[in-house]
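Report on one structure; see the data block that follows.
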Amino acid sequence: MPRYPRRKRSNISYAVDDAVDNSDEGASTVYEGEVDENWRPRKKKARKSSTAKMRRSRPKKNYFPFMELPGELRNKVYEHLLCLPDNQVYIGDQWSKEASRKQAIYGCKKHAWYTSGDFSLTTYRQHLRTTVTNFGVLRTCKTVHAEAVGILYGQKFRFGDIDAMQTFLLRLSPSTIARLRHVDCFRFIVQTAWKYAPAIFSLLRPATGLEYLRVEGISKFRGHFDEKVGTEPHGHNMSVQGWDILVARNMAREVYTHMYPYMQVAVKEKGAAGIMKILHVFGKSLDEGPTRGNYGTDSLGYSEAQLHAPSNRIYTASWTPARASAMRAAMGEELARLATRDAI
């Protein structure tokens, strides 16, 4: 006897009533094994999602076609949002206890933050609350970022010292550094910082598109120069042209000593003449000539470097555009020679 009793199920009849058979007299009869050519599957109704309902109920916004504006107008918008009023960005650096490192701080010459000389982070944060720049446009999309970032980094960047330039450049990618057009180290550089100058200027290697590069503090070439002048009779017979070329070559040697990582790339890209179009060193010595008599009756001043003129003819020689061009050419040739020598 089975463990569980069987369930009692009633018999089911599958007989078709005559009323049903006769109800579709006009319809075609389909027998087993045949295919009804008129049959079509019933289409399922698409369910309306809640997201679609929200979009349908949400009012349509007419977005402004910004990218359809002419490029000149878009650049004006970028300048208004990203650039400072005088188009000059002043970069300093200050030690941050929170970050345990130096942080780059920037501002505008017209703001009290810069003119007061207070470069503390507290004053800088107060300055940021009133600044007119808005960098949010850079996060709009890749196309807008590619157009606007060139406007931002095309401004004139002025650094309080090379330490500030190092702090600033360390946070930038090589592609961003390549967009720099104007770099100006406008303050005197302390002697201890020159030991790190080659490492700092190596960060500028991607900036092959620079149109202006000024380093005010490069001037101490007296040691190199004295070895070249020779004895007094030789110097007394030196021509004005020979003197200018000698000074220019020693200027180039001093520049290369501190900036050779960048100079190797820049000379290769721009050539001797091209590098001298963007390089501004030793104050206005190459534009207005040396100053006279600061350290004696026969001294000639080339920025901070003071040299004794070997003859009265050289001391009293008037400055001309031809002398300026000759000194720039000699300086560029010496930079190119040094860069080529390093490449061998």
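Read in order, the letters of the sequence shown are residues 1 to 344 in the UniProt record's numbering.
For each residue, glycine too, the CB sits at the ideal point set by N, CA and C.
Are the region 196-210 and the region 252-265 touching by the rule of at least three beta carbon pairs closer than 8 Å?
Contact between the region 196-210 and the region 252-265 is present: 3 or more CB-CB pairs across the two stretches fall below 8 Å.
- Using three-state DSSP, classify serine 311 as helix, strand or coil. The answer is coil: DSSP assigns serine 311 none of H, G, I, E or B.
*Helix, strand or coil: how does DSSP classify threonine 291 here?*
strand
Taking the alpha-carbon positions, what's the alanine 324 to valine 137 distance? 45 Å
Quiz prompt | Range of the contiguous beta strand (DSSP E) that encloses valine 215 | solution = 212-215
Secondary structure at phenylalanine 168, three-state DSSP: helix, strand or coil?
It is helical.
* Asked: Can you tell which of Ile151, Arg139 and Phe186 has the C-alpha that lies nearest to the C-alpha of arginine 158?
  -> Phe186
Check your understanding: Taking the alpha-carbon positions, what's the serine 303 to phenylalanine 221 distance?
Key -> Taking the straight line from one Cα to the other gives about 11 Å.
Straight-line gap, leucine 204 to threonine 291 (C-alpha atoms, nearest Å):
32 Å
Alpha carbon of alanine 248 to alpha carbon of leucine 300, nearest angstrom: 14 Å
Leucine 170 vs tyrosine 153 beta-carbon contact at 8 Å = no
* Cα separation between histidine 258 and glutamate 68? -> 48 Å
State the Cα-Cα distance for the pair glutamine 94 and lysine 102, rounded to the nearest angstrom.
A direct Cα-Cα distance of roughly 5 Å separates glutamine 94 from lysine 102.
ask   = Using a Cβ-Cβ cut-off of 8 Å (strictly less than) and excluding sequence neighbours within five positions of aspartate 244, which residues of its own chain qualify?
value = Arg323, Ala326, Met327 and Ala330
Notebook entry, point to check: DSSP beta-bridge partners for alanine 305?
Noted result: Tyr302
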